[in-house]
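Those sequence lines, one after another, are chains S and H. Per my numbering, the first sequence runs over residues 1 to 262. Per my numbering, the second sequence runs over residues 1 to 369. A virtual CB, placed ideally from N, CA and C, is assigned to each residue, including glycine. What follows is a single structure, written as structure tokens, with notes after it.
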Amino acid sequence: MRQSKRSASPSRHVLTQWIPLLLLTIGLILYITSPTLQSAILSLVFPHETQFTHARKTILQMTGAHITLTIAATLLSSVFGIFIGILVTRKAGREFQQLVLKLNAFIQTFPPSAVIILAFPVLGFGWKPALLALFLYSLFPVLGNTVIGFNSVSPAAIDAAKGMGMTWFQQLHIAELPQALPMIITGIRHSYILNLGTAAIAAVIGGEGLGTIIISGLTLRNSALVLSGTIVISMLAFIGEQLFQLLSWKQTNHDGSTHIHD
Amino acid sequence: MHLPPHPILSETSIFLQAERISVQYGETRALKDVSLQIPTNRVTVLIGPSGCGKSTTLRCINALVKLSSGVITYGDESIQNMNETELRRAMGYAIQSVGLMPHLSVEENVDLVPRLLGWERSGRAERVKRLLNLVRLNPEVYRNKYPHELSGGEAQRVGVARALGADPPVLLMDEPFGAVDPLTREQLQDEFIHIQRQLKKTVIFVTHDIDEAIRLADYLVIMREGEVVQADTPANILASPKDEFVERFLGPDRSLKRLSLFTADHCCIQKVPSGLEEPTKSVLPEDSTSCYWQVDAMGHPIKGFMWVNGRLVSRVVNSASHTVQTYSSLRECMATILSLGLPAAAVVDDEGRLFGEVRFETIQTISIS
Numbered sequence: 001m002r003q004s005k006r007s008a009s010p011s012r013h014v015l016t017q018w019i020p021l022l023l024l025t026i027g028l029i030l031y032i033t034s035p036t037l038q039s040a041i042l043s044l045v046f047p048h049e050t051q052f053t054h055a056r057k058t059i060l061q062m063t064g065a066h067i068t069l070t071i072a073a074t075l076l077s078s079v080f081g082i083f084i085g086i087l088v089t090r091k092a093g094r095e096f097q098q099l100v101l102k103l104n105a106f107i108q109t110f111p112p113s114a115v116i117i118l119a120f121p122v123l124g125f126g127w128k129p130a131l132l133a134l135f136l137y138s139l140f141p142v143l144g145n146t147v148i149g150f151n152s153v154s155p156a157a158i159d160a161a162k163g164m165g166m167t168w169f170q171q172l173h174i175a176e177l178p179q180a181l182p183m184i185i186t187g188i189r190h191s192y193i194l195n196l197g198t199a200a201i202a203a204v205i206g207g208e209g210l211g212t213i214i215i216s217g218l219t220l221r222n223s224a225l226v227l228s229g230t231i232v233i234s235m236l237a238f239i240g241e242q243l244f245q246l247l248s249w250k251q252t253n254h255d256g257s258t259h260i261h262d
Numbered sequence: 001m002h003l004p005p006h007p008i009l010s011e012t013s014i015f016l017q018a019e020r021i022s023v024q025y026g027e028t029r030a031l032k033d034v035s036l037q038i039p040t041n042r043v044t045v046l047i048g049p050s051g052c053g054k055s056t057t058l059r060c061i062n063a064l065v066k067l068s069s070g071v072i073t074y075g076d077e078s079i080q081n082m083n084e085t086e087l088r089r090a091m092g093y094a095i096q097s098v099g100l101m102p103h104l105s106v107e108e109n110v111d112l113v114p115r116l117l118g119w120e121r122s123g124r125a126e127r128v129k130r131l132l133n134l135v136r137l138n139p140e141v142y143r144n145k146y147p148h149e150l151s152g153g154e155a156q157r158v159g160v161a162r163a164l165g166a167d168p169p170v171l172l173m174d175e176p177f178g179a180v181d182p183l184t185r186e187q188l189q190d191e192f193i194h195i196q197r198q199l200k201k202t203v204i205f206v207t208h209d210i211d212e213a214i215r216l217a218d219y220l221v222i223m224r225e226g227e228v229v230q231a232d233t234p235a236n237i238l239a240s241p242k243d244e245f246v247e248r249f250l251g252p253d254r255s256l257k258r259l260s261l262f263t264a265d266h267c268c269i270q271k272v273p274s275g276l277e278e279p280t281k282s283v284l285p286e287d288s289t290s291c292y293w294q295v296d297a298m299g300h301p302i303k304g305f306m307w308v309n310g311r312l313v314s315r316v317v318n319s320a321s322h323t324v325q326t327y328s329s330l331r332e333c334m335a336t337i338l339s340l341g342l343p344a345a346a347v348v349d350d351e352g353r354l355f356g357e358v359r360f361e362t363i364q365t366i367s368i369s
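Here's what the structure looks like:
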């Protein structure tokens, strides 16, 4: 009974999830590749504006830079966040857990613009200080969620895992990681959304993302330019969110086969 | 402390031996110089009030708890010198909270230890099927379920199946039936006895339930405050508790509990007066002290007669509640005697035909012996 229910729902679920995602992605690609389309849409909202594109860069270039910076920072904070999270949930590292979480929260209280400006004298102009700021800023959700995820693994499962003779590593990847994974994925998702927004600020110190068009829109008092950059960022956020949801749906619905790593 | 050899230990070899083991947690001594011998292919039950060190003792055996002093020898080797991982894989482990992996199906959970041991994949599915059948779960129904879809009793069964996964010679069970309702618990105990008769594992079983302990134990170890108070067969302990603590722990009805260790065939009198008719004075004289059982054409007892104080007392026998089987415990015989109102209970065979009787006076003799 349950079997048939389970096998029927994924296909429907996947269909309803993938179709809007696909349509949005096509829409986004059309928008960023065609300046004509950009002008057409923006002139509907702001009929009195005359300039709808950035003077030096195309939306495509800026989107490319924005995505690269966001994904790089998210990957970096995921790798470090999960690694540190695992370390402080092991027996040997447990005493550092509170310290690390507090330090992490402390970094989070710095406004990203402050981090960017403070990093500027050391790392100079361009993508490097931007990446550092994004990484530090987005470490918190991944690290925090990794710790919560591992702390919430049932003690009985750990006791059973030890008692049946799992090695340290087997205990981690067979018993604990799969149970913590949905929480970790949520953390990575937050980190991605956070980075997507913060990457816009990086334009202040020469990051080349969509912040460039937004900032020039603000200085020129041209709302069409601001809207153009914002449209792309929000679509990227929506698409990313959907992708993560599909990923975590697979994890939490016990799709048995995804967990076997012999 | 030197343990004198017990009858149960002299009839079978010693599987595992703990010599003066102690465990210290900070200031508290969880175990104080405990010496213990575990007989091969028998069920050893560790029992005592909470905090007596029974679980700690169990966890020392598979090295989940480190000894502060003393040795545990397994064969000729001290377990301290053995590889922990290999040691644990050779010992089935079932716990009260079960600890199934929530993200793995029933099949994958049962298959965990064979997978860790790197067994050939081909035989494993078949093995899981056999194990699920053994714990009375239909493999077709349960194989692909996840732990959150199981009831408490079903989860405990899967836990036992998982402990048996790699066919270990020894099973460590820490209150494995502790978290289920009394009815399910009794059912699980029955099945455990049934499985143990087939597999004949060396079992070390921890519980705080004295009735469970008496039902399951071949060898009973009573502990208190980190020490072994008494270790013997349940019958011997019930007959002669060592001190007041053991006596209190066994409860005021220990003589009744003792009766549950014996079965009716143990003291059944087979030649009893019986017939198709009601008794005449020639078959059941007035000075006779035995019962007369009237049977029907099939041989089923229908009525019991006896002379009490010069009066012939008769009782209608209702086959369901007024007869006992040859394998019924003397405790059940006692209950039957009381409900029938005659000083004996009719014992019937598998077809329900009169086989003999168990008398009140015999039970009395056994309970005080």
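Checklist entry - Is H/S329 helix, strand or coil by DSSP? => result strand
Item to check | Nearest-angstrom Cα separation, counted from H/D167 out to H/E107 | outcome: 16 Å
Next on the checklist: Can you list, in chain order, the residues of its chain with a C-beta nearer than 7 Å to that of H/V65? Leave out the 5 residues immediately preceding and following it.
Outcome noted: V23, T56 and R59
Item to check | Close beta carbons around H/M395, own chain, < 6 Å, minus the five adjacent residues each side | outcome: Lying outside 1 to 369, the shown extent of chain H, residue 395 of chain H is not represented and no answer is given.
Item to check | Coarse secondary structure for H/F15, derived from DSSP in three states | outcome: strand
Checklist entry - Tell me which same chain residues have a C-beta within less than 6 Å of the C-beta of H/A235, skipping the five on either side of it? => result L261
Next on the checklist: Just to confirm the assignment, what range does the beta strand (DSSP E) spanning H/F205 have?
Outcome noted: T202 to T207
Item to check | CB contact below 8 Å: S/S154 versus chain H | outcome: yes
Checklist entry - Is there at least one Cβ from chain S nearer than 8 Å to H/M1's Cβ? => result Because H/M1 sits at a pLDDT of 40, beneath the cut-off of 50, its placement in the model cannot be relied upon, and the point is left open.
Item to check | Cut-off 6 Å between Cβ atoms - residues of its own chain near S/G229, not counting five sequence neighbours on either side | outcome: L210, I213 and I214
Checklist entry - Curious, which full-length beta strand (DSSP E) runs of at least 3 residues does the stretch 40–113 of chain H contain? => result 43–47, 69–74 and 91–95
Item to check | Top-ranked residue by Cα proximity to S/K91, from S/W168, S/S34 and S/S77 | outcome: S/W168
Item to check | Beta-carbon spacing of H/V180, H/Q196 below 8 Å | outcome: no
Checklist entry - CA-CA distance, H/I366 and H/Y25? => result 45 Å
Checklist entry - Does the separation of the CB atoms of S/F52 and S/S223 fall below 8 Å? => result no
Item to check | Spatial distance of H/N41 from H/K200 (CA atoms) | outcome: 5 Å
Next on the checklist: Which residue wins for smallest C-alpha separation from H/L238, given the options H/Y146, H/M223, H/I210 and H/A264?
Outcome noted: H/I210
Checklist entry - If you drop the 5 nearest sequence neighbours on each side, which residues of the same chain put their C-beta closer than 7 Å to that of H/T12? => result P39, T40, N41 and R42
Item to check | H/L67 versus S/Q179 - alpha carbon distance | outcome: 32 Å
Item to check | Enclosing beta strand (DSSP E) for H/F355 [first to last residue] | outcome: L354 to R359
Item to check | Under 8 Å by beta carbon: chain H residues contacting S/K162 | outcome: L64 and R88
Item to check | Member of H/A94, H/H208 and H/I222 whose CA lies at the smallest distance from the CA of H/D243 | outcome: H/I222
Item to check | Cβ separation of H/D232 and H/L220, assumed to be a contact under 8 Å, to the nearest whole Å | outcome: 7 Å
Item to check | Residue burial classification, H/L276 (beta-carbon count within 10 angstroms, cutoff 16) | outcome: exposed
Item to check | Under 7 Å by beta carbon: chain S residues contacting H/T85 | outcome: G165 and T167
Item to check | Cross-chain neighbours of H/L112 in chain S, by beta carbon under 7 Å | outcome: M164
Item to check | Secondary structure of H/A345, DSSP reduced to three states | outcome: strand
Checklist entry - For H/I371, which residues does DSSP report across the bridge? => result A question about residue 371 of chain H goes unanswered here, because the residues of chain H that appear run from 1 up to 369.
Item to check | Inter-stretch contact at 8 Å, needing at least 3 Cβ pairs: the stretch 341–354 of chain H / the stretch 311–320 of chain H | outcome: yes
Checklist entry - Looking at chain S, which residues of the stretch 274–295 of chain H have a Cβ within less than 8 Å of any of its Cβ atoms? => result none
Item to check | Residue range of the unbroken alpha helix (DSSP H) whose run includes S/I215 | outcome: G211 to T219
Checklist entry - Between H/H266 and H/S78, what straight-line distance do the alpha-carbon atoms span, to the nearest angstrom? => result 42 Å
Next on the checklist: Give me the subset of the stretch 169–197 of chain S whose CB atoms are less than 9 Å from a CB atom of chain H, sorted by chain position.
Outcome noted: Q170, I174, A175, P178, Q179 and L181
Next on the checklist: Going by DSSP in three states, H/P252 sits in which element: helix, strand or coil?
Outcome noted: coil
Item to check | Three-way DSSP call (helix, strand, coil) for H/E227 in this model | outcome: strand
Next on the checklist: At a threshold of 7 Å, does S/Q38 count as lining the ligand FAD (C-beta to nearest heavy atom)?
Outcome noted: With respect to the ligand FAD, the structure offers nothing, as it holds no ligand at all.
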